[in-house]
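K.L.:
Chains B and G are the protein sequences, given in the same order. Reminder that position 65 of the first sequence reads as 80 in the numbering used here, one-by-one numbering, no gaps. Reminder that position 319 of the second sequence reads as 304 in the numbering used here, one-by-one numbering, no gaps. In this text, a Cβ means the ideal position worked out from N, Cα and C, and glycines have one as well.
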Amino acid sequence: MDAHETVRRDIAQLLSEQRLATLSTCNAQGHPYASLVAFDVTPDLAGIVFATSRATRKFANLTDNNHAAMLVENSRNQKSDIYEAMAVTALGVVSELSGTSQETAVAHYIRKHPHLTKFIQAPSTAVLQMAVDVFYLVNRFQKVMEYHVGRKADPAAGRDPAG
Amino acid sequence: MSGEKLILPLAAIRPDDIDLAGGKGCALARLEREGIRVPFTIVVTTGAYQLFVDTHGLQERIFLELNRKAFADMRWEEIWDAALRIRNLFLTHPLPPALDHQLQDSLDRRFADRAAVIRSSAPQEDSAAASFAGIHESYVNVRGRARIVDHVRRVWASLWSDAALLYRQELGLRPESSSMAVLIQELVVGAYSGVMFTVSPMQEGQSVIEAVPGLNQGLVDGLVMPARWILDRETQAVVSHTPSAQSQAVFPADQGVRMASLAEPARQGDTLSTREIELIAEQGRRIESLFGAPQDVEWTLLDGQITVLQARPVTTTAAAKSDKRGWYLSLRRSFENLQQLRLRIEDELIPAMIREADELASADLDILDDEALAAEVRRRVDCNQHWSNIYWTDFIPYAHGARLFGQVYNDVVKPDNPYAFADLLADTPMESLARNRQLEELAGIVRAAPAVADNLRLGRLEHLPSSFRAALDAFVAQYGTLSSGVTGDREGGLADSTLVRLVITLAERSPQPPIRKTVDHEALAREFVESFPAEERDWAWSLLDLARSSYRLRDDDNIYLGRIEAQARRAAQAAAARLAGGGPEKAGAALQEALALMPLEKAASPDPGLTISPESSLRARQLVGQPAGPGMARGRARVVRSPGDLKAFQSEEILVCDAVDPNMTFVVPLAAGVVERRGGMLIHGAIIAREYGLPCVTGVPEVMQFVRTGDLMTVDGYLGIVIVSPSSPGADSASTSA
């Protein structure tokens, strides 16, 4: 397996195993906010689906500024996490789903989070999807690989998650 | 952790206490209970080890060290480096008070005025499936409380030595569950000592006894040839006896052991009487019967009585027989062994190499006819191969001199920085630095005389001032034109050479101050030597001298080897020129054949797998290696895959390559930092980077795969990481030389 396949496999595995992600948003004034969301990933890794009430601060922030970051990781609150844990940071643009794309995403989401069926189907809930521009895979404490999904790499897109 | 389980007498060890006292400790306890004479022993249990490690959080630090990269991606040099850093953790942390109190109390009562032997007794060692014999450390004749405690730490640390890490990896043992008990034994100095295998590893129906005068270390460390008796396993009758004319044996010194000459009787080889052989054989048989398996018994004979020093199962499984323990042990070289190697290298090999290179250089190849030239090419290729072989068999092992020094330095000085010892070696004159100084002098002349610079740029060498031309020619005579990556090679024209290009580039920047010496090497050397008791200081100076020689040779040997290779290439170049000029067909065939043995194109470094194209969706953002030269630098990468790439090297670029060779380090004074795929703190790239005060990271497995010339890089030589930003499209197109 070459480096490309290994990185893609590691990202896909982590995103399918983990249920929660830390979502980072920013309001129009540039003030940041972080929140925990239950997420699902599309089979092609190009989209990360999550849901939130339209009354939340994250929804307001995303309405102001649709650029967001999402962190998924598998640490276990152990000292060994520092070299054993893996983290993926996804950067992209978030938009609200509707119509058949929303139905497809919700059906897939419910398979991963059946206990959240009522939540995601509530009229006040917005179903959102991050169109992933780039993933940063971090393992062995300090090794960081950059993976662009579904398109050629754009050097200008490389914002630094560690920075 | 219950306090009473930290230090135990043998009498308190039960047969199933392997996890607490290790295999060796349990075996000795069993022997003592059965009335077999063993040395007085106390056991520093695995509980003590665990308490020490837990108190200082060392387990996490060890695993952080070992998990920076996949173990399979670590070269031996990197594993040695990691082991050195781990060893320092054990040497520089104090014992927890509870353990310190109990240990001091036990030592005061039983070892206040007795010499001790400090032995490893890890639960994983000495099983029937795997022999760790020699992998973990043991120390003989250690006197004084503080020294004994120091040596207990060293035995603990040996659980994480390069050899132990590699051996456990091979056996598939999990490092997470590794632990170490330590035996502190009274030293028993018998007239003769030896080993008995109750089943011969060579012949199942036989037993073997080996014996040497004095301490067993002579036999175990391979310093004294033992006398050997082969016995019939059933009848215990002696089948054969191989005497050994021993003139020396190992005896206790003030501290530690030393080789000493023997009086006449021992030289006859009749070390043991028939009665003594019977006694040993009987004891071996009894121990085998106790443990229910063939045993490897170490014994010593004093006043007609056998004392058993240790007993362990003979490893009989196929896996154990085929393991590489011997190879791992060969990674450790003794001072005596290295001193012998030094004499051979400095007195015989290096002078012979220089003579040979001079002789080859002075030969006029133009006067040879085609047949003779073809023969000359073949002779030189053989000569080059001969010295390459010596490089591997003698020069590479001699590099252990610097490593041995590093370990001893850390043992006695206990510095916070485990690589502080490199400061004592860094002031060593090296051929590559002398070459670089000459380059800087040439650049200085060019800088001061714009007309010289112009003539060089335009290739008008005939217009150069005669004094400068003479200096340039003198450089070429010694080091060549630097174009082929082989020191001394004069390939191609001088006007278009890497040498001329480099001198111009060096001259374009402001004059560089001499390499700044920030440390007082002599003061450091005195501090090191004065850490030893007065009677050992001569030895300490000798070790430092050996280390400096080893460090210097590690760089110089490649330069000398380069000169030999350059002469093989000179003959090949002459043959190629002769072929290009046409000639009789028969002679041409001979030249062709000879030329095939010495390809003139130096191969580019092999591609380590998939090279990621600029359009790929995968990029490295931050790669992890080992910190090998402190500092931080940011600059454009210059990826060097073949010697030709060096010609384009620009000031303040980051040198990125597979493995830095002293034959290419002439660009290092121009560089802002050095990054190398090959790993280690004592490899060329790291040595030369430290000499120039450059940040250096080595052992970055994917660097040649993911970094392209022109990429913006940050080299963090403190943390051992490199951060990569993609090059701009313009830089990409300008970097096609790679």
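(1) Can you pull out the residues from the segment 26 to 58 of chain G whose beta carbon lies closer than 7 Å to at least one beta carbon of chain B?
(2) Which residue from E171(G), L43(G), Q231(G) puts its Cα closest to that of R95(G)?
(3) When DSSP labels each residue in this structure, what does D592(G) get in the three-state scheme?
(4) With contact counted as at least three CB pairs below 8 Å, one residue from each stretch, are the segment 514 to 525 of chain G and the segment 655 to 675 of chain G in contact?
(5) Taking 9 Å as the cut-off, decide whether the C-beta atoms of T5(G) and V23(G) are in contact.
(6) Is there a C-beta anywhere in chain B that falls below 9 Å from the one on L150(G)?
(7) Assign M807(G) to one of two classes, buried (16 or more other C-beta atoms within 10 Å of its C-beta) or exposed (fewer than that).
(8) Quick check on the DSSP output: what are the complete beta strand (DSSP E) runs of length 3 or more inside the segment 672 to 719 of chain G, in order along the chain?
(9) Within a Cβ cutoff of 7 Å, which residues of the same chain sit near G269(G), ignoring the five residues on either side of it in sequence?
(10) Tell me, please, whether the CB atom of H163(B) is closer than 9 Å to any CB atom in chain G?
(11) Mind pulling the chain B residues with CB within less than 8 Å of A605(G)?
(12) List the whole-angstrom C-beta distance separating I26(B) from F156(B), where the pair is believed to meet the contact cut-off of C-beta under 8 Å.
(13) Check the Cβ-Cβ distances between S95(B) and every residue of chain G, and say whether any is below 9 Å.
(14) Run through chain B and tell me which residues come within less than 7 Å of E63(G), C-beta to C-beta.
(15) Mind listing which residues of the segment 604 to 632 of chain G have their C-beta closer than 8 Å to chain B's C-betas, in chain order?
(16) Measuring CA to CA, which of L582(G), L287(G), I262(G) is closest to T724(G)?
(17) With 16 other CB atoms within 10 Å as the buried threshold, where does E507(G) fall?
(18) Terminal residues of the continuous beta strand (DSSP E) containing A742(G)?
(19) Name, in chain order, the residues that DSSP records as bridge partners for S793(G).
(20) Give a yes or no on whether 9 Å exceeds the smallest Cβ distance from L74(G) to chain B.
(21) Would you check if the distance between the CB atom of L725(G) and the CB atom of E161(B) is smaller than 9 Å?
(22) Contact defined as beta carbons within less than 8 Å: I believe I63(B) pairs with A120(B). What is the distance between those atoms, to the nearest angstrom?
(23) In the DSSP assignment, what are the bridge partners of A194(B)?
(24) Taking the straight line between their C-alpha atoms, what separation do you get for T21(B) and S274(G)?
(25) How many angstroms separate the CA atom of I125(B) from the CA atom of N76(B)?
(26) When DSSP labels each residue in this structure, what does P435(G) get in the three-state scheme?
(27) Which value, in whole angstroms, describes the spacing of the CA atoms of R621(G) and P711(G)?
(28) Compare the C-beta of Q325(G) with all C-beta atoms of chain B and state if any pair is closer than 9 Å.
(29) Excluding five sequence neighbours on each side, which residues of the same chain lie with their C-beta closer than 8 Å to the C-beta of A348(G)?
(30) On the three-state DSSP scale, how would you describe A168(B)?
(31) DSSP state of E63(G), grouped into three classes?
(32) Can you check the segment 525 to 572 of chain G for any alpha helix (DSSP H) of at least 4 residues that lies completely inside it and give the ranges in chain order?
(33) Distance, Cα to Cα, V504(G) vs D408(G)?
(34) Near L287(G), what residues of its chain come up, given a Cβ to Cβ distance below 7 Å and the 5 sequence neighbours on each side ignored?
(35) Does the pairing of the segment 688 to 700 of chain G with the segment 616 to 635 of chain G give three or more beta-carbon distances under 8 Å?
(36) Is G670(G) closer than 9 Å to G616(G) when the C-beta atoms are compared?
P.N.:
With the given structure in hand:
(1) E45, F48, L49, N52, R53, K54
(2) E171(G)
(3) Confidence at D592(G) is low in this model, with a pLDDT of 47, below 50, so its placement is unreliable and the value that follows should be read with caution. Reduced to three states, the DSSP call for D592(G) is coil.
(4) no
(5) In the sequence as displayed, the identity of residue 5(G) is Leu instead of Thr. No.
(6) no
(7) The requested residue 807(G) is not part of the displayed model; chain G covers only -14 to 723.
(8) 681 to 683, 697 to 701, 706 to 710
(9) M181, T183, S192, Q280, V282
(10) yes
(11) V159, M160, E161
(12) That pair is no contact at about 18 Å.
(13) yes
(14) None at all; the shortest Cβ gap to chain B is about 14 Å.
(15) R604, A605, R606, Q607, L608, V609
(16) Chain G is shown only over -14 to 723; residue 724(G) falls outside these bounds and no answer can be derived.
(17) exposed
(18) Nothing about residue 742(G) can be reported from this structure: the residues present for chain G run from -14 to 723 only.
(19) Since the first residue of chain G shown is -14 and the last is 723, residue 793(G) is not available in this structure.
(20) no
(21) Since the first residue shown for chain G is -14 and the last is 723, residue 725(G) is missing from the structure and cannot be characterised.
(22) In fact, because the Cβ distance is near 10 Å, the residues do not count as touching under 8 Å.
(23) Chain B is shown only over 16 to 178; residue 194(B) falls outside these bounds and no answer can be derived.
(24) 54 Å
(25) 25 Å
(26) helix
(27) 10 Å
(28) no
(29) E361
(30) Its pLDDT being 39, under 50, A168(B) is placed unreliably in this model, and the value from its coordinates should be taken loosely. DSSP places A168(B) in coil when its eight states are reduced to three.
(31) helix
(32) none
(33) 7 Å
(34) V173, G175, A176
(35) yes
(36) no
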